[in-house]
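**Student:** One structure is given below, represented as structure tokens, and several questions about it will come after.
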Amino acid sequence: MSSNGEIEIGDLKIDNEDDVVNPWSVTSASQEGVDYDKLIKRFGSSKIDSELIQRWEKVTGKPVHHLLRRGLFFSHRDVHTILNLVEQGKSFYLYTGRGPSSGSMHIGHLIPFIFTKWIQDIFNVPLVIQMTDDEKFLWKDLTVEETTRLALENAKDIIALGFDVEKTFIFSDYTYMGQNSEFYRNISRIQKCVTFNQVKGIFGFGDSDVIGKIAFPAIQAAPCLSTSFPDIFGTAKVPCLIPCAIDQDPYFRMTRDVAPRLGFSKPALLHSTFIPALQGANTKMSASDTHTAIFLTDTPKQIKNKVECLDKNLQSFFPVRRLKQNA
Ligand code: TYM
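The sequence shown begins at 3 in our numbering and counts up by one.
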């Protein structure tokens, strides 16, 4: 608690040696990339350890996905609670999303979606996918019309992964907000629980940020409340599990503070590391800089050129390892 009685639900305070990891920027001073162990401590999440993996395999009776086994998903919040529910025969739902800032997604974006599909397949649970066209309008130099179009294009990339059509709901904020007042009601409820001071602390907003940005986190938080989707859940309060890369965690730190105050359980999370930029591990592969990423619409020739560039970078970053491999 701070001196004025407000709950402190996150912070962006970092020293010079720390990596910057937030929804808009991922950079590391080190060539080896983000120090994920340090990040777990800073964000207050839990490491995915062998005990959790063994428990997951015991509960499901199946080996875990290689993204989990190989540590690409490395951090979590409350996944034991989700496994408890499964053991008790109770259900949960999955929530993930995409901010449509480019005509196609890149291979880094696929990581949470591939993993989400695997979870949906093994647990046979509903999945909601939020396309935050409004977020990208507010943050990028794009018009409302453009982000609306990009959301539709990106939804095609997501659909191509083969989610269960009976159990998957993909929606864009601009469209769904006009169709379902329960979604907007929950956004309002969340907005009433969070002060400007708190979003400043969590997201680093300043006095000259537009008010749309300040209000937006509630829009990404609202799908964690199952009543935002009356057509799927009616009025039931169903727990939620979110697979995403760890850059999205600030949104859900905020949500985890608010949800119990509105009578919901805290959303659980599974965090992945970042597929690095082709230029090196000190930034993530990003749609904002096309040279850093391999896009799903790249031609074989474009991919070949980019992979050759990646190979050169790997040789300069890991010369010893490559020498051993070649020996
Ligand atoms: P966006 O569009 O930036 O990213 C979509 C998803 O991909 C993850 N991601 C990556 N994963 C691995 N390597 C990378 N290089 C990489 N770059 C991005 C992101 O963490 C995300 O999971 N605000 C969100 C959209 C959103 C959302 C959500 C995401 C709305 N609701 C719920 C996750 C969960 C965004 O702009 O994501």
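Note that CB positions come from ideal geometry on N, CA and C, so glycine has one too.
Tell whether a beta-carbon distance below 8 Å holds between residue 283 and residue 33.
**Tutor:** By 1-based counting over the sequence shown, the position of residue 283 is 281. By 1-based counting over the sequence shown, the position of residue 33 is 31. Cβ distance < 8 Å, so residue 283 and residue 33 count as in contact.
**Student:** Would you mind stating whether residue 67 and residue 26 have Cβ atoms separated by less than 8 Å?
**Tutor:** Numbered from its first residue, the sequence shown carries residue 67 at position 65. Numbered from its first residue, the sequence shown carries residue 26 at position 24. Their beta carbons are not under 8 Å apart, which means residue 67 does not touch residue 26 by this criterion.
**Student:** Can we count residue 94 as close to the ligand TYM, meaning its CB is less than 7 Å from some heavy atom?
**Tutor:** Taking the first residue of the sequence shown as position 1, residue 94 is located at position 92. Outside the cutoff, so no.
**Student:** Can you give the Cα-Cα distance for residue 256 and residue 311, rounded to whole angstroms?
**Tutor:** Residue 256 sits at position 254 when you count from the first residue of the sequence shown. Residue 311 sits at position 309 when you count from the first residue of the sequence shown. Spanning the two alpha carbons is a distance of roughly 39 Å.
**Student:** From which residue to which residue does the alpha helix (DSSP H) around residue 201 run?
**Tutor:** Locating residue 201 in the sequence shown gives position 199, counting from the first residue. Element bounds for residue 201: 198-205.
**Student:** Would you kindly check if the distance between the Cβ of residue 131 and the Cβ of residue 164 is under 8 Å?
**Tutor:** Counting from one through the sequence shown, the residue named residue 164 turns up at place 162. Counting from one through the sequence shown, the residue named residue 131 turns up at place 129. Cβ distance not < 8 Å, so residue 164 and residue 131 don't count as in contact.
**Student:** Would the beta-carbon of residue 227 fall within 8 Å of that of residue 261?
**Tutor:** What you label residue 227 is simply residue 225 of the sequence shown in a count that begins at 1. What you label residue 261 is simply residue 259 of the sequence shown in a count that begins at 1. Contact: yes.
**Student:** Give me, in chain order, the residues of the same chain whose beta-carbon lies closer than 8 Å to that of residue 193; leave out the 5 immediate sequence neighbours on both sides.
**Tutor:** As a position in the sequence shown, residue 193 is number 191, starting the count at 1. 217 and 220, listed in sequence order.
**Student:** Beta carbon of residue 281, beta carbon of residue 294: below 8 Å?
**Tutor:** The residue you call residue 281 lines up with position 279 of the sequence shown. The residue you call residue 294 lines up with position 292 of the sequence shown. Yes.
**Student:** For the alpha helix (DSSP H) that contains residue 122, what are its first and last residues?
**Tutor:** Residue numbering aside, residue 122 sits at position 120 when the sequence shown is read from its first letter. Residues 109-125.
**Student:** Helix, strand or coil: how does DSSP classify residue 72 here?
**Tutor:** To locate residue 72, count along the sequence shown from 1; it is residue 70. Three-state DSSP puts residue 72 in coil, outside helix and strand.
**Student:** In three-state DSSP terms, what is residue 49?
**Tutor:** Against the sequence shown, residue 49 aligns to sequence position 47. Three-state result, residue 49: strand.
**Student:** So residue 157 packs on residue 133, CB below 8 Å; how close in whole Å?
**Tutor:** On the sequence shown, residue 157 is found 155 positions in, with the first residue counted as 1. On the sequence shown, residue 133 is found 131 positions in, with the first residue counted as 1. That pair is a contact at about 6 Å.
**Student:** The beta strand (DSSP E) spanning residue 157 covers which residue range?
**Tutor:** Here residue 157 is taken as the residue at index 155 of the sequence shown, counted from 1. Unbroken run through residue 157 is the alpha helix (DSSP H), 146-161; no beta strand (DSSP E).
**Student:** Round the Cβ separation of residue 96 and residue 245 to the nearest angstrom and send it over; I've been treating them as touching at under 8 Å.
**Tutor:** Along the sequence shown, read from residue 1 onward, the residue named residue 96 stands at position 94. Along the sequence shown, read from residue 1 onward, the residue named residue 245 stands at position 243. Going by Cβ atoms, the distance from residue 96 to residue 245 rounds to 7 Å, so yes, they are a contact pair.
**Student:** Find out if the Cβ-Cβ distance for the pair residue 273, residue 289 is shorter than 8 Å.
**Tutor:** Mapped onto the sequence shown, residue 273 falls at position 271. Mapped onto the sequence shown, residue 289 falls at position 287. Cβ distance not < 8 Å, so residue 273 and residue 289 don't count as in contact.
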